[in-house]
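Numbering (this note's numbering), first residue to last: 5 to 259.
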């Protein structure tokens with residue numbers, strides 16, 4: 005069994021030498037196994053490959069020159085992220101222009117968007133972009149810049165402007181690593197702040213998407229006070245103080 009799994013992984017690695025990604029369904033057909041078998045192969049701790057937004061790619065953490073934060077987080081709170089993704093996807097309507105933030109929760113939102121949905125998307129992270137490629141009626145705007153392997157994003161040169169400054173999204177889905185009533189919404193990585201701040205400035209609906217483990221956490225990079233968001237989506241009922249805060253500040257709470 006172990007030998008067969010290793011053989012399958014080697015065949016996928018050989019395929020990825022020609023292409024930078026391979027869809028899960030195509031990988032299953034290539035190996036003549038089920039998609040679940042491919043998923044199990046990738047979930048083994050020593051796998052050199054990871055699944056991002058329905059695509060198999062080489063895990064950047066295997067490169068000693070980089071430290072890939074996203075890959076460390078992708079298997080945490082997966083059930084919660086599935087629930088979050090399903091709730092958030094219901095908010096996307098036909099003809100919406102939607103900003104999708106980076107992070108490991110965002111691909112779950114995209115995964116749950118119905119294939120017939122016709123919409124436009126703007127993003128700045130590789131895993132988000134790959135997930136959007138799987139949506140047949142989505143027109144994608146990818147923000148460019150310098151690649152940061154730690155969190156799989158592209159940031160504009162000079163940390164000033166981006167394609168996002170030329171559009172007005174209907175909705176912005178913002179991810180976070182910490183939510184505090186005293187210190188607001190925060191994340192680990194300062195490189196993400198430019199795009200998050202621009203999205204908050206440009207979008208009409210600012211939707212915070214975070215699982216329940218993020219409440220009462222404070223991270224080093226400040227995104228915005230909680231009352232700047234129009235909606236909060238989480239996987240379970242938050243502490244009563246957050247429910248009261250959302251009601252008092254006209255923040256729609258969905259869980």
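A virtual CB, placed ideally from N, CA and C, is assigned to each residue, including glycine.
Residue i to residue j span [Cα, whole Å]
i	j	result
residue 213	residue 18	37 angstroms
residue 55	residue 98	28 angstroms
residue 254	residue 33	49 angstroms
residue 47	residue 129	22 angstroms
residue 224	residue 134	28 angstroms
residue 238	residue 165	31 angstroms
residue 104	residue 148	14 angstroms
residue 112	residue 93	9 angstroms
residue 106	residue 24	19 angstroms
residue 26	residue 59	5 angstroms
residue 68	residue 153	For residue 68, the predicted model reports a pLDDT of 37, less than 50, meaning its position is unreliable; a value from the coordinates is still stated below. Each residue's alpha carbon lies about 11 angstroms from the other.
residue 139	residue 10	31 angstroms
residue 251	residue 8	55 angstroms
residue 203	residue 20	33 angstroms
residue 242	residue 150	37 angstroms
residue 245	residue 96	28 angstroms
residue 70	residue 61	Model confidence at residue 70 stands at a pLDDT of 36, short of 50, so the residue's coordinates are unreliable and nothing is read from them.
residue 145	residue 83	29 angstroms
residue 193	residue 31	33 angstroms
Check whether residue i and residue j have beta carbons under 8 angstroms apart
i	j	result
residue 180	residue 218	yes
residue 230	residue 258	no
residue 215	residue 88	yes
residue 172	residue 206	yes
residue 51	residue 13	yes
residue 188	residue 227	yes
residue 124	residue 101	yes
residue 131	residue 195	no
Sequence-distant residues of the same chain with beta carbon closer than 6 angstroms to residue i, five excluded per side
i	result
residue 256	235
residue 247	none
Proximal residues to residue i (C-beta, below 7 angstroms), its chain only, five neighbours per side dropped
i	result
residue 78	In this prediction, residue 78 has a pLDDT of 49, which is less than 50 and means its spatial position is unreliable; nothing more can be read from the coordinates.
residue 220	184
Cβ shell of residue i (< 8 angstroms), same chain only, five flanking positions each side left out
i	result
residue 15	34, 35
residue 43	28, 55
residue 169	202, 206
### Query
Is it a yes or a no for the region 145-164 touching the region 111-122, going by three-plus beta-carbon pairs under 8 angstroms?
Taking a contact to require three or more Cβ pairs closer than 8 angstroms, the region 145-164 and the region 111-122 do not qualify as touching.
### Message
Which runs of the beta strand (DSSP E) at least 3 residues long sit entirely within the region 168-255? Give them in chain order.
### Response
175-179, 182-184, 188-191, 209-213, 225-228, 235-237
#### Entry: Whole alpha helix (DSSP H) elements within the region 30-55, 4-residue minimum
Contiguous alpha helix (DSSP H) elements confined to the region 30-55 occur at 39-47, taking only those with 4 or more residues.
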